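So the sequences go chain by chain: A and B.
First residue of the first sequence? That's 51 in my numbering, and the numbers climb one at a time after it.
First residue of the second sequence? That's 97 in my numbering, and the numbers climb one at a time after it.
For glycine and all other residues, C-beta sits at the position ideal for the given N, C-alpha and C.
Predicted, not measured: the structure shown is a model, and the values here were computed from it.
Structure record follows, encoded as structure tokens.
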Amino acid sequence: MSMDVISSIVLAAVRMAVPLLLIAMAELWSERAGMVNIGLEGLAAVGALAGFMLTFYTGNTWAGILAGAVAGILVNLIYAYATVSLCANHTVYGMAINLLAPALASFIYRVSFGTGGGLNQIELMKGVAIPVLKDIPFLGDLLFNQTPMVYLAFALVLFTNIYFRKTKSGLNFKSVGEHPKAAATLGINVIGIKYLSCVICGALAGIGGAYLTTCYSTTYTEGIVSGRGFIALAAVIFGRWNGTGVMGACLFFGLCDALQIRLQVSSLGVPYQFFQMIPYLATVVVLAIIGSKKAGPKANGLPYRKEER
Amino acid sequence: MKKIIALLLAVVMVFGLAACGGEGEAAADNNAEGKTYKVAFILNCSISDGGWGTACYSELVAAVERNENWEMAYTDNLAQDGYYDAMVAYCNEGFDLIYAPGGEYTDAVLQVAAEYPDVAFAQLNGGEDTPAAAVNGNVTSLLPNGQQIGWIAGALAGLMTETGTVAFIGGMELTTTLAKYEGFVEAAKYVGEKEGKSITALDAVYANSYDDSAKGIEFANAMMEQGADVFFGDASAIDSGARQAIDEKNKAAGSIKVFDIAQPADYLGQNECIIGSQVTDNSSLIELSFRAVEDGTFGGEVLYGNLENGVLSTGALNDLVPQEIKDKYLAYIEEMIAGTFMQ
Chain A
51 MSMDVISSIV
61 LAAVRMAVPL
71 LLIAMAELWS
81 ERAGMVNIGL
91 EGLAAVGALA
101 GFMLTFYTGN
111 TWAGILAGAV
121 AGILVNLIYA
131 YATVSLCANH
141 TVYGMAINLL
151 APALASFIYR
161 VSFGTGGGLN
171 QIELMKGVAI
181 PVLKDIPFLG
191 DLLFNQTPMV
201 YLAFALVLFT
211 NIYFRKTKSG
221 LNFKSVGEHP
231 KAAATLGINV
241 IGIKYLSCVI
251 CGALAGIGGA
261 YLTTCYSTTY
271 TEGIVSGRGF
281 IALAAVIFGR
291 WNGTGVMGAC
301 LFFGLCDALQ
311 IRLQVSSLGV
321 PYQFFQMIPY
331 LATVVVLAII
341 GSKKAGPKAN
351 GLPYRKEER
Chain B
97 MKKIIALLLA
107 VVMVFGLAAC
117 GGEGEAAADN
127 NAEGKTYKVA
137 FILNCSISDG
147 GWGTACYSEL
157 VAAVERNENW
167 EMAYTDNLAQ
177 DGYYDAMVAY
187 CNEGFDLIYA
197 PGGEYTDAVL
207 QVAAEYPDVA
217 FAQLNGGEDT
227 PAAAVNGNVT
237 SLLPNGQQIG
247 WIAGALAGLM
257 TETGTVAFIG
267 GMELTTTLAK
277 YEGFVEAAKY
287 VGEKEGKSIT
297 ALDAVYANSY
307 DDSAKGIEFA
317 NAMMEQGADV
327 FFGDASAIDS
337 GARQAIDEKN
347 KAAGSIKVFD
357 IAQPADYLGQ
367 NECIIGSQVT
377 DNSSLIELSF
387 RAVEDGTFGG
397 EVLYGNLENG
407 VLSTGALNDL
417 VPQEIKDKYL
427 AYIEEMIAGT
437 FMQ
């Protein structure tokens, strides 16, 4: 296998990993405050639509990214209110978001663009090549010739690691996911942090969806998120609830996808379904070996009632 | 108060689900002169995908608009486990005809057709043996000739390829998709050989999706790395992604050297790389189904669509196709119609 082929596979893996990474980081921030949100697919769907529409009408991809974040936040506030204030079941409302949001996105798209018409397309966000560094063999294109959103996604991982490991505020945030009652006795605003985590989760998942329609694909199609919200959920568990681990999981999933595409094209005779199942098989194996209870926030998915003993 | 708000949230979500479907396109009022018939259309991709879904939807709308005593409703973006439920819902609402455009609906169509003997089921790209498998005889297959669809694209690909490598992207590994791929490959090789070219057709690849346009981008990039310079596909939004990647490659090269052939409607002008289209006029097959329902003779048939009866045709070619090649291509199409192609 030549260096060009390897470079092409790695580039494809990064392209496919970035939306996953953004959506998975959304879940990481949510779960660090004990909010298990399985509604990522729906949040990304409205983000994708909002990103596409704003870019289509304004021609500005950054407006699209911002719109994706706002749309994600607005939809996730339903989940936040139901689970934090009403203490409803996280899984049920997450699934409800998965049903509501894509249907809402379809409805808005059809009201805006009509049905069955021609394909609406936008100009994607331009890549920003860093002079000199982009010419480094192999790594140049990979690391220094991407859209700003790719740089921001990886910077987010770094920020997340520093925030949760090195700052008092980050420790307070994590404590809400570990033991909210203990956190409350220390004067931490548990409800506020839970709401904040939902806002961050909605914004990042919405941006993840908007990335698909502003930086990756020139068109919006209903179903464009295509299960990435669920893969991102697996990536958080696979990545052991820490930024670097989640990034590694997303890159691994992206690499498997890029590989299965190349292997299909290369006609090696191995059924492509085999390569498609590798990331999921790996997740199952890792969970079976390491277990999930030791790594996840202890109060994950549990309702917090202030007055309860 | 909290319970009321929770109830309101639930109601909002239920209404959200209702946004998946549509009803009343080109609706006709019931009138005293005769019965108004109702056709329901189910789809596993979006009607706005700029490919298969858009074409199927548009053709049904066209058929309904030409038949004022028919009205339609549709549900798109269905998951596989939703095919049965969607059809049952329409049957219960008194629809006369269910239109399912794809071989992947076969099992669900046969199951619902067995439970609702008074409802007619028209399946586009259904199997030749599907009508016979329906216990109530209320299923008809509308069967555009997959091999000829492949020929129409393959002949153009064989004429236009410079690298000698052509590519095909599928959504799912369906019988009809395989037939299109095989027709595409045999026509490209035959025509290429006539032109003194050695044609290599990359193996068909499958995205396992009809929605994920990003997958189309990655497939097209990988296939262009293998030297493919003419593409054909049967994958809805995946095809749109592939065309995006081809356009980007052409833009980077400064000229249009990699081409795409669209289907099943004339999509010339949608992307720079599209040089022509294979067109399937499903609306004429649908109208034959309408007549059969009205006459009470529906079911148990296979209605074929091919070049000979005009259901299949070639769309317009753009200026990237030199006049000499256009002439040769149209001559090959004439051979296909006359039944002498590859003889």
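{"Item": "C-alpha gap between E211/B and E224/B, whole angstroms", "Value": "21 Å"}
{"Item": "In DSSP terms, what M320/B is bridged to", "Value": "Partner(s): none; M320/B has no beta bridge."}
{"Item": "C-beta neighbour in chain B for E272/A, strict 7 Å", "Value": "yes"}
{"Item": "Within chain A, partners of V301/B - CB distance below 8 Å", "Value": "I311, Q314, V315 and Y322"}
{"Item": "Backbone secondary structure at L192/A - three-state DSSP", "Value": "helix"}
{"Item": "Chain B within 7 Å of T217/A, Cβ atoms only", "Value": "no"}
{"Item": "For M438/B, the first and last residue of its enclosing beta strand (DSSP E)", "Value": "Where M438/B is concerned, there is no enclosing beta strand (DSSP E), given that its DSSP letter is neither H nor E."}
{"Item": "C-alpha gap between L270/B and K276/B, whole angstroms", "Value": "10 Å"}
{"Item": "Partners in chain A for S440/B, counting only beta-carbon separations shorter than 7 Å", "Value": "Outside the displayed span of chain B (97 to 439) sits residue 440/B, for which this structure offers no information."}
{"Item": "Rounded C-alpha distance that separates G222/B from S237/B", "Value": "5 Å"}
{"Item": "Close beta carbons around V55/A, own chain, < 8 Å, minus the five adjacent residues each side", "Value": "R312"}
{"Item": "Helix, strand or coil at I370/B [DSSP, three-state]", "Value": "strand"}
{"Item": "Close beta carbons around L61/A, own chain, < 7 Å, minus the five adjacent residues each side", "Value": "D191 and L192"}
{"Item": "Extent of the continuous alpha helix (DSSP H) to which G337/B belongs", "Value": "A333 to A349"}
{"Item": "Beta strand (DSSP E) segment containing K134/B, residue limits", "Value": "Y133 to I138"}
{"Item": "Spatial distance of S379/B from A303/B (CA atoms)", "Value": "28 Å"}
{"Item": "Under 7 Å between C-beta atoms of G190/B and T261/B", "Value": "no"}
{"Item": "Selection from L154/A, V315/A and T111/A that minimises the alpha carbon distance to L124/A", "Value": "L154/A"}
{"Item": "Interface positions of the segment 150 to 184 of chain A facing chain E (Cβ-Cβ less than 9 Å), listed along the chain", "Value": "Given the protein chain composition of this structure (A and B), no chain E is represented."}
{"Item": "Minimum C-alpha distance to G246/B - residue among A284/B, V235/B, G233/B and A175/B", "Value": "A284/B"}
{"Item": "Contact set between A130/A and chain B, taken where Cβ atoms lie within less than 7 Å", "Value": "Those do not exist, as A130/A stays about 11 Å from chain B at its closest Cβ, beyond 7 Å."}
{"Item": "Extent of the continuous alpha helix (DSSP H) run through M183/B", "Value": "Y179 to N188"}
{"Item": "Chain-order list of residues whose beta-carbon lies under 7 Å from that of E228/A (same chain, five-residue window excluded)", "Value": "P347, K348 and A349"}
{"Item": "Cβ-based neighbour list, V96/A, same chain, cut-off 6 Å, excluding 5 preceding and 5 following", "Value": "A121, V125, A151 and A155"}
{"Item": "Chain-ordered chain A contacts of F315/B [CB-CB under 9 Å]", "Value": "I311, Q314 and V315"}
{"Item": "Backbone secondary structure at I194/B - three-state DSSP", "Value": "strand"}
{"Item": "Per-residue contacts from M66/A into chain B (C-beta, under 8 Å)", "Value": "A310 and E314"}
{"Item": "Cβ-based burial, D214/B [other Cβ within 10 Å; buried from 16]", "Value": "exposed"}
{"Item": "N-terminal and C-terminal residue of the alpha helix (DSSP H) that D356/B is part of", "Value": "That residue, D356/B, is in no alpha helix (DSSP H); its beta strand (DSSP E) goes F355 to A358."}
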